[in-house]
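Chemist: Starting off with a structure, shown below.
In my numbering, the protein residues as written are -2 to 712.
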């Protein structure tokens, strides 16, 4: 793996190398389609004279593993040795590197491996075919007599061998096959193997890895922006005289999002920002408390009509004939993303061109907003995607929030080089949160206690509403807002999920697992309450509701109960056990959490996880993502919420007030991955949704009262 992404010019210059790619047609399906045309300049694989194989990765690497995953897919079909493999980010080029799920170049919704699984294998297989063709021509033998193994090309008759680099020049003259033959999965040597380790671990450990904060260029100015402490607050007036007197501060400029301070170093920029005197115009600002806003959403969930997201059976009859009706309401707060690396970026403008270095998650959007603000051709905006220190949705702004501010800084500053840095406080108080959500549930039970009807009406903002992607909203239903509330694996007899769309001045954004982050909690906690009222065991009760409807969900639930040696909800030594089952992103998960009470707070000791993610390209990476997603979701379930003071100011600004799970609070995690040949499921987000309900269900047993609101620990 290289430590720095190339410029567009450097990428095309090359030297002696074989650069190939596999073209797939644009589509709206989540799964990639097979290639239909010849390999063209759609570059994904570069083979150098030094025998290294560099995979050009179209998805940002911010910890979820595409560098390793894509390199594994290519190496498998290429029959390369793992020691040869490298990876680097692709340049911004929508036509070549688009995500087939989105139609743009971007990363999200756990689509990386799902949409490129076949594409990357084809790229590797095509490279192998071209190397074999080159060897056959140089040696004057039939291609059928040539084998490739561990990065060595061999002719069985003559005993001739060559490494990839020796044949790269000849191979570059070969015509890529239109439909390269792919391996039988039964012959995989790398895909699905535990021993494959991450390509980026070593450089991140040694500090060689390049993040945006590591980028320093001659004559660069560091910029920080004073943003309004209120959502939607605007600058009314500013006195910058004291800021300009700070040593190192070069200038101060007002931009649409606030007041920018330009300085020769970060310290001077921050000191200059502290010295600004700003009056804020709050005429359009959000000045209500979070509780006031939550009550508005709760009223919408109670009184709003909404739209039906899914329905089956005769729900009215089920409730009219019910012997018992159980009802509950669940409330979920605003959540910040809080990645360890706050937002930052470097931009250089020269004439009618701009070059950007940043952890771009949506390259197409970032290119477009930069082009628009600077008034330069789209093709003249080059983006070097760097490694990102986490995201959880924060870097994937549908309006290019950070790229917009970076371009505005460059526009106001004039031609030059600028590094825009957001502090942790800027990031946590910068809005773009997971929106508030309120769920109202009703269950109809017959005289035997069997569930015969299930009604879920909930209110939250539209994730895609008001964005450039609003076209995904069909028949009034935003699929990103309601996901997880529909297509449940259980058979409830009669069912309806109804969504009430709310609006807010607080900017919203997808948060890790998006809709599943609130629907999984509300659905699985309510189901557990209903099963308890029925006097049923939560594992057995779920198995009865599953029936034969979803065999993969049934298998993971049975497996997790076996792993935990399930004996019921109440354990010894003051411990309780909570269960949750929730499929998402074509992956299926069942959790059991072991919880006790320590100084009035939940303490999660162990979590058993049974997962079916289809073909696990890199099982070690998959397990790491499950652990990370679980820990991230546990932080939110226990501690996280964004609140507003009585005057509307955001109260959280760093990890002392937006509390994250500490290492001593991370539970032991035992994971079992199902082995099968199903298509790959998403993994970056799918491990997060089940942890909140699993822990909440155990906490209800310990406390003897229902859990109706997150977080469990409220300041």
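Just so it is clear, CB atoms sit at the ideal spot from N, CA and C, and this is done for glycine as well.
Remember, predicted model here, so these are calculated numbers, not experimental data.
Give the single residue among 456, 429 and 53 whose Cα lies nearest to the Cα of residue 302.
Modeler: For the residues 456, 429 and 53, the minimum Cα distance to residue 302 belongs to 456.
Chemist: Give the DSSP-derived three-state secondary structure of residue 515 in the structure shown.
Modeler: Helix.
Chemist: Taking residue 135 as the reference, give the member of 124, 151 and 438 with the closest Cα.
Modeler: Ranking the options by Cα distance to residue 135, first place goes to 151.
Chemist: Which residues bound the beta strand (DSSP E) around residue 313?
Modeler: Per DSSP, residue 313 belongs to no beta strand (DSSP E); it is in the alpha helix (DSSP H), 312 to 317.
Chemist: Please look up how many angstroms separate the CB atoms of residue 406 and residue 252, rounded, as I've assumed it's under 8 Å.
Modeler: Contact holds; Cβ gap of about 7 Å.
Chemist: Residue 65 lies in the alpha helix (DSSP H); which residues open and close that run?
Modeler: Per DSSP, residue 65 belongs to the alpha helix (DSSP H) from 63 to 75.
Chemist: Let me make sure I understand the geometry here. Which of 682, 700 and 689 has the alpha-carbon closest to that of residue 111?
Modeler: It is 682 whose Cα lies nearest to the Cα of residue 111.
Chemist: Below 8 Å between beta carbons: does that hold for residue 474 and residue 304?
Modeler: It is a contact, given that the beta carbons lie within the stated cut-off.
Chemist: Short of 6 Å in beta carbon distance, which residues of its chain neighbour residue 525, apart from the five on each side in sequence? Order them along the chain.
Modeler: 535 and 694, listed in sequence order.
Chemist: Give the secondary structure of residue 489 by DSSP, where H, G and I count as helix, E and B as strand, and everything else as coil.
Modeler: Residue 489 falls in the coil class under three-state DSSP.
Chemist: Looking at the unbroken alpha helix (DSSP H) that takes in residue 107, where does it start and where does it end?
Modeler: From DSSP, residue 107 is part of no alpha helix (DSSP H); its letter is neither H nor E.
Chemist: Would you kindly check if the distance between the Cβ of residue 103 and the Cβ of residue 359 is under 8 Å?
Modeler: For residue 359 and residue 103, yes; Cβs fall inside 8 Å.
Chemist: Residue 267 and residue 415: beta carbons closer than 8 Å?
Modeler: No, they are not a contact pair.
Chemist: Any idea if residue 182 is buried or exposed, counting beta-carbon neighbours within 10 angstroms, 16 or more meaning buried?
Modeler: Exposed, since its Cβ has fewer than 16 Cβ neighbours within 10 Å.
Chemist: In this structure, does DSSP put residue 635 in helix, strand or coil?
Modeler: Three-state result, residue 635: helix.
Chemist: Would residue 337 pass as a contact of residue 387 if the rule is Cβ separation under 8 Å?
Modeler: The answer is yes: Cβ separation under 8 Å.
Chemist: By the three-class DSSP mapping on this structure, what secondary structure does residue 201 have?
Modeler: In this structure, residue 201 counts as helix in the three-state DSSP scheme.
Chemist: Tell me which same chain residues have a C-beta within less than 6 Å of the C-beta of residue 6, skipping the five on either side of it?
Modeler: The predicted model places residue 6 with a pLDDT of 30, which falls under 50 and marks its position as unreliable; any figure quoted below should be read in that light. So the list is empty, once near-sequence residues are dropped.
Chemist: What is the rounded straight-line gap between the Cα of residue 446 and the Cα of residue 324?
Modeler: Answer to the nearest angstrom: the Cα atoms are 15 Å apart.
Chemist: Rounding to the nearest angstrom, what Cα-Cα distance links residue 247 and residue 90 in this structure?
Modeler: Cα to Cα, residue 247 sits roughly 35 Å from residue 90.
Chemist: For residue 480, which residues in the same chain have their Cβ closer than 8 Å to its Cβ, ignoring the five residues on either side in sequence?
Modeler: 511, 512, 513, 516 and 581.
Chemist: Within 10 angstroms of its Cβ, does residue 206 collect 16 or more other Cβ (buried), or is it exposed?
Modeler: It is buried - the Cβ of residue 206 has at least 16 other Cβ atoms within 10 Å.
Chemist: Can you give the beta carbon distance from residue 179 to residue 294, rounded, assuming they're within the 8 Å contact cut?
Modeler: Not really, about 49 Å apart at Cβ, beyond 8 Å.
Chemist: According to DSSP, is residue 80 helix, strand or coil?
Modeler: Note: residue 80 maps to helix in three-state DSSP.
Chemist: Can you pull the DSSP bridge partners for residue 259?
Modeler: DSSP lists 220 and 248 as partners of residue 259.
Chemist: Can you pull the DSSP bridge partners for residue 347?
Modeler: Bridge partners of residue 347: 350.
Chemist: Does the separation of the CB atoms of residue 622 and residue 62 fall below 8 Å?
Modeler: Against a cut-off of 8 Å, the Cβ pair of residue 62 and residue 622 comes out as a contact.
Chemist: Less than 8 Å separating the beta-carbons of residue 287 and residue 226?
Modeler: Contact: no.
Chemist: Could you give the distance in angstroms between the alpha-carbon of residue 687 and the alpha-carbon of residue 588?
Modeler: One C-alpha to the other measures close to 6 Å.
Chemist: Does DSSP put residue 331 in a helix, in a strand, or in coil?
Modeler: The answer is strand: DSSP assigns residue 331 an E or B state.
Chemist: May I ask you to list the residues that DSSP assigns as paired with residue 471?
Modeler: Partner(s): 474.
Chemist: Given a cut-off of 8 Å on the beta-carbon distance, is the pair residue 448 and residue 490 in contact?
Modeler: Cβ distance < 8 Å, so residue 448 and residue 490 count as in contact.
Chemist: Report the rounded CA-to-CA distance for residue 471 versus residue 109, giving the unit in angstroms.
Modeler: Roughly 25 Å separates the two Cα atoms.
Chemist: Going by beta-carbon coordinates alone, are residue 42 and residue 82 separated by less than 8 Å?
Modeler: Not in contact: residue 42 and residue 82 (Cβ atoms no closer than 8 Å).
Chemist: Return yes when the Cβ of residue 44 is within less than 8 Å of the Cβ of residue 149, no when it is not.
Modeler: Cβ atoms of residue 149 and residue 44: not closer than 8 Å.
Chemist: Can you give me the C-alpha to C-alpha distance between residue 355 and residue 346, rounded to a whole angstrom?
Modeler: Near 15 Å, if we compare the C-alpha coordinates of residue 346 and residue 355.
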